[in-house]
Structure formats: structure tokens, C-alpha cells
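End of the sequence shown sits at 106 in my numbering; the numbers just go up one at a time, nothing left out.
Below is one structure, written out as C-alpha cells, with a few remarks after it.
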Amino acid sequence: MEDITVAQLKAKLDNNEDFTLIDVREIHEAEAYNIGARLIPLGTLGENLASLEDLKDSEIVVHCRSGARSAAAKQILEGAGFKKVSNLLGGMLAWQDAYGDTKK
3 MEDITVAQLK AKLDNNEDFT LIDVREIHEA EAYNIGARLI PLGTLGENLA
53 SLEDLKDSEI VVHCRSGARS AAAKQILEGA GFKKVSNLLG GMLAWQDAYG
103 DTKK
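The following block contains the structure:
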């Protein structure tokens with residue numbers, strides 16, 4: 003799937019669209035600022051793939067701080083057979099630039 007912008011993600015959240023949002027940052031980063039995503043740090047993604055198995059055909063958006071780790075997460079997920087994975091371009095830095103401290 004194509005990657006996604008913060009404006010596109012905000013629209014999905016505002017419209018209560020059906021997708022899974024996964025944060026691949028570290029725990030301390032998510033505790034400091036998050037938008038309600040399921041936290042699976044990138045270093046543990048491989049060992050958590052089985053818990054995501056039911057999402058292989060569902061839409062998933064992954065995000066991190068700047069977009070680099072989530073791009074790697076997208077590759078891992080696609081390599082494991084997940085079909086509808088998008089990376090949030092610019093990550094939480096872009097989100098905060100666009101929306102400040104607004105969580106959603």
C-alpha cells in the first residue's frame with residue numbers, strides 16, 4: 003500500500019475508519035506522547051507477528067517518531083505476508099507539527 007500523510011491519518015481517525023494503528027517507538031517515547039496506537043516497539047515486532055496474524059488482510063498504519071522505524075516495520079510486516087500496510091510519513095514529528103499536542 004501507499005504510505006500515508008498525517009492529514010490522511012487524521013481523517014481516518016476522525017471518521018472512525020476500520021484500521022489498526024501500530025506505534026513502533028520505544029515505551030518511553032509512547033508514554034511521552036501518543037495518539038492511541040497499539041505499542042509494539044520495532045525491536046519486538048518479529049516476536050509479536052503471531053499476535054497480529056488475524057490482521058494479515060486488514061489495513062494497518064505503522065508510525066514512529068520520524069518515519070524511519072515505521073518504514074522498516076512496514077517492510078517486516080509485508081515480508082510476513084501482511085497485505086495492507088502503510089507507513090505514516092514524518093511520524094509523530096510531522097503529526098505534532100501539524101496538530102500540536104492534539105492527540106487525535
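Each residue gets a CB set at the ideal place from its N, CA and C atoms; glycine is no exception.
Please read all numbers here as calculations on a predicted model, not as lab measurements.
- Residue pairing of LYS58 in beta bridges, as defined by DSSP: absent, with no partner found.
- Looking at the DSSP output, SER88 bridges to VAL63.
- A residue is called buried when at least 16 other Cβ atoms come within 10 angstroms of its Cβ; ASP99 does not meet this threshold and is exposed.
- Secondary structure in the region 9 to 83: the beta strand (DSSP E) runs of 3 residues or longer, each lying completely within the stretch, are 22 to 25 and 61 to 65 in chain order.
- Excluding five sequence positions before and after GLY69, the CB atoms of its chain that fall closer than 7 Å to its own CB belong to ASN89, LEU90, LEU91, GLY92 and GLY93, given in chain order.
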